[in-house]
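Q:
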Amino acid sequence: MADIRNNFVGIKSPNPFWLASAPPTDKAYNVIRAFKAGWGGVVWKTLGEEGPPVVNVNGPRYGAIWGADRRLLGLNNIELITDRDLQVNLREIKQVKKDWPDRAIVVSLMVPCVEESWKAILPVVEETEADGIELNFGCPHGMSERGMGAAVGQVPEYIEMVVRWCKANTRMPVITKLTPNITDVRKPARAALAGGTDAVSLINTINSITGVDLDSFAPQPTIDGKGSHGGYCGPAVKPIAMNMVAEIARDPETHGLPISGIGGITTWRDAAEFMALGAGNVQVCTAVMTYGFKIVQEMIAGLENWMDEKGHASLDDIVGRATPNVTDWQYLNLNYVAKARIDQDACIKCGRCHIACEDTSHQAITSMVDGKRHFEVIEAECVGCNLCVNVCPVENCITMEPLAAGAMDQRTGKPVSPIYANWTTHPNNPMAKVAAE
């Protein structure tokens, strides 16, 4: 059986599945039930400084995007950090850690960008014997307007400064949670590393408005006729999150920096993909809010079964395995040629491949042959874009088949070259000539 025990910057847990800082981790009642279901760790919902708790709205807090089958694809969340008293949270964290010593408990923190505020909260969190802290530099709504959350995460100099304060004032591992609401996520990651962070976690939620009520003309969710932008999460953000994880993992300046992957993780496969791109573990929120705590049991079983099937003994065998295969467009092999193939036995003759190719691509799929409805690839026109594969409703009906070196590409009338060649040396690239000179 594969060993899926996790050691993330010295924080140990029985598996790599943690609950992200969010409504599911707001109180001991939830966290205990999550641990009973099998979760390896939690990041306790973000704590603020001592004093009056924050005030959340009393109406709707979520907007949503659904697929055609009503499956939830994304949530827009306008809830703030915990609105429970700091001391209540601290007492619960201490007791839960005492009762569940084998599970990871990391405490998310957000206080004003003032050194004394961080110095004040760090020792009281440390006293709970929590395993680490996560600096919430990502929250894009409500708190950012107060100079916290994403307002800090969008300024690398602030990130480095606060991380330094924390590393100087606590023994606990520091995880820096990054915002995706930025042009280049590598810069805040580099700043966190420069400040001494032990790890980064990403992504936090994306600025969003998920819909508008066309009767009241107010954004959703609507509070007394008004709406606000919120944080977007769920399966729809997974591609954005994976790209940002990969950007940090393959950046020479942050290569080797531990990453906790977050963003749309719903299945064991999602988790394995994040880890293959460089994440040391994963955090989950929206999937639990949709399906409940027990979803982790499917994640654990699925990951273990896949690892056993592939011969991966431990998580170290998969973490970062895909990172070297992520490259810039300019280094892709321009001599690689693939053509679409339609399995006529599997084809249900719906015509979606033909319509997509005819109207929006390269007119490379027939609709009629010898007076009969028939869909077949015209190799002389096919550029191998694989749009037809993605619109076909039948899995594996259309596949992409690479042409062997020396085979004739009917579109160009030239044999496929066995030599790797990319844009940096292509004769059409004006910069290639400059570089040569």
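Just so you know, we're using our numbering here: the sequence shown kicks off at 41 and counts up by one. Note that beta-carbon positions come from the ideal geometry of N, C-alpha and C, so glycine has one too.
1) Roughly how many whole angstroms lie between the Cα atoms of alanine 476 and glycine 270?
2) If distances are taken between C-alpha atoms only, which option among Val97, Gln127, Gly172 comes closest to aspartate 264?
3) Could you tell me which of Asn129, Glu344, Glu89 sits nearest to glutamate 155, measuring between CA atoms?
4) Whose C-alpha, out of Cys325, Arg413, Ser354, Cys428, is nearest the C-alpha of arginine 392?
5) To the nearest angstrom, how far is it from the Cα of tryptophan 463 to the Cα of tyrosine 376?
6) Quick check: what's the CA-CA separation for alanine 229 versus histidine 394?
7) Pull up the DSSP beta-bridge partners for glycine 81, would you.
8) Between the Cα of leucine 374 and the Cα atoms of Val456, Ile388, Cys325, Val328, which residue gives the shortest distance?
9) Have a look at the DSSP bridge pairing and note the partners of methionine 440.
10) Anyone know if the C-beta pair for asparagine 176 and threonine 294 falls short of 8 Å?
11) Distance check for phenylalanine 415 and serine 300, CA to CA, integer angstroms please.
12) If we call anything under 8 Å between Cβ atoms a contact, is glycine 80 one with proline 64?
13) Three or more C-beta pairs closer than 8 Å, one from the stretch 224-238 and one from the stretch 249-265: is that the case here?
14) Kindly indicate which three-state DSSP category alanine 476 falls into: helix, strand or coil?
15) So, for arginine 309: in the same chain, excluding its five sequence neighbours on each side, which residues have a beta-carbon less than 8 Å away from its beta-carbon?
16) Which same chain residues, not among the five before or five after threonine 465, have their C-beta less than 6 Å away from its C-beta?
17) Give every residue of the same chain whose Cβ lies closer than 7 Å to the Cβ of alanine 68, excluding the five residues on either side of it in the sequence, and list them in chain order.
18) Taking 6 Å as the limit between beta carbons, can you name the residues of its chain near arginine 413, skipping five residues before and five after?
19) Would you mind listing the alpha helix (DSSP H) stretches within the stretch 103-178 that are 4+ residues and don't spill past its ends, in chain order?
20) Using the C-alpha atoms, what's the distance from isoleucine 438 back to arginine 381?
21) Could you compute how far the alpha carbon of asparagine 116 sits from the alpha carbon of alanine 447?
22) DSSP on glutamate 200, reduced to helix/strand/coil?
23) Since valine 195 and glutamate 174 are thought to touch, with beta carbons under 8 Å apart, how far apart are those beta carbons, to the nearest angstrom?
24) Roughly how far, in whole angstroms, is the beta-carbon of alanine 276 from the beta-carbon of lysine 266, given that I think they are within contact range, below 8 Å?
25) Determine the direct distance from the alpha carbon of histidine 352 to that of glutamate 419, and round the result to whole angstroms.
26) Determine the burial state of threonine 167: buried for a count of at least 16 other Cβ atoms within 10 Å of its Cβ, exposed for fewer.
27) So if DSSP puts valine 253 in a beta bridge, which residue, or which two residues, is it bridged to?
28) Express the C-alpha separation of isoleucine 288 and serine 157 in angstroms, rounding to a whole number.
29) Can you tell me where the alpha helix (DSSP H) with glutamine 323 in it begins and where it stops?
30) If you follow the alpha helix (DSSP H) that cysteine 397 is part of, which residue opens it and which one closes it?
31) Do you know offhand how far histidine 181's Cα is from aspartate 142's?
32) Quick check: isoleucine 199 and threonine 223, are their CB atoms within less than 8 Å of each other?
33) Using only the alpha-carbon positions, how far apart do lysine 278 and glycine 303 sit?
34) Are asparagine 46 and asparagine 247 close, meaning C-beta to C-beta below 8 Å?
35) When DSSP labels each residue in this structure, what does arginine 413 get in the three-state scheme?
A: Quick look at the numbers:
1) Low local confidence applies: a pLDDT of 48 at alanine 476 is under 50, so the model's placement there is unreliable, with the coordinate-based value given in what follows. Between alanine 476 and glycine 270, the alpha-carbon positions lie close to 50 Å from each other.
2) Nearest of Val97, Gln127, Gly172 to aspartate 264, Cα basis: Val97.
3) The alpha carbon of glutamate 155 has as its nearest neighbour, out of Asn129, Glu344, Glu89, the alpha carbon of Glu89.
4) Nearest option by C-alpha distance: Cys428.
5) A direct Cα-Cα distance of roughly 13 Å separates tryptophan 463 from tyrosine 376.
6) Going from the Cα of alanine 229 to the Cα of histidine 394 covers about 45 Å.
7) According to DSSP, glycine 81 shares a beta bridge with Trp58, Ala144.
8) Measuring C-alpha to C-alpha distances from leucine 374 to each of Val456, Ile388, Cys325, Val328 identifies Val456 as the nearest.
9) DSSP output for methionine 440 lists Ala380 as bridge partner(s).
10) Cβ distance not < 8 Å, so asparagine 176 and threonine 294 don't count as in contact.
11) Rounded to the nearest whole angstrom, the C-alpha separation of serine 300 and phenylalanine 415 is 45 Å.
12) It is not a contact, given that the beta carbons lie outside the stated cut-off.
13) By the C-beta criterion, the stretch 224-238 is judged not to be in contact with the stretch 249-265, since fewer than 3 inter-stretch pairs fall below 8 Å.
14) Bear in mind that a pLDDT of 48 at alanine 476, under 50, signals an unreliable position, so the number given afterwards is only what the model happens to contain. Residue state, collapsed to three classes: helix.
15) Result list for arginine 309: Gly342, Trp346, in chain order.
16) Around threonine 465, the same chain offers Ala472 as residues with beta carbons nearer than 6 Å, after the five sequence neighbours per side are excluded.
17) Exclusion of the five residues before and after alanine 68 leaves Glu132, Gln135, Val136 as the residues of its chain whose Cβ lies within less than 7 Å of its Cβ.
18) Correct list, in chain order: Lys389.
19) Taking only runs of at least 4 residues, the alpha helix (DSSP H) segments lying wholly in the stretch 103-178 are 126-139, 155-166.
20) If I take the Cα positions, the gap works out to 5 Å.
21) Those two C-alpha atoms are separated by around 51 Å.
22) Helix, per DSSP.
23) At roughly 18 Å, the Cβ-Cβ gap does not stay under 8 Å, so valine 195 and glutamate 174 are not in contact.
24) That belief does not hold up - the Cβ atoms of alanine 276 and lysine 266 are roughly 25 Å apart, past 8 Å.
25) Going from the Cα of glutamate 419 to the Cα of histidine 352 covers about 39 Å.
26) Residue identity differs from the one stated: residue 167 is glutamate in this sequence, not threonine. By the neighbour-count criterion, in which 16 or more other beta carbons inside 10 Å mark a residue as buried, glutamate 167 falls on the exposed side.
27) Here residue 253 is aspartate; the residue named in the question, valine, does not match the sequence. DSSP output for aspartate 253 lists Ala258 as bridge partner(s).
28) Answer to the nearest angstrom: the Cα atoms are 29 Å apart.
29) Not the alpha helix (DSSP H): glutamine 323 falls in the beta strand (DSSP E), residues 321-324.
30) DSSP places cysteine 397 inside the alpha helix (DSSP H), whose first and last residues are 392-400.
31) When the Cα atoms are used, histidine 181 and aspartate 142 turn out to be separated by approximately 34 Å.
32) Cβ atoms of isoleucine 199 and threonine 223: not closer than 8 Å.
33) In a straight line, the C-alpha of lysine 278 is about 5 Å away from that of glycine 303.
34) Not a contact, by the Cβ cut-off of 8 Å.
35) The answer is strand: DSSP assigns arginine 413 an E or B state.
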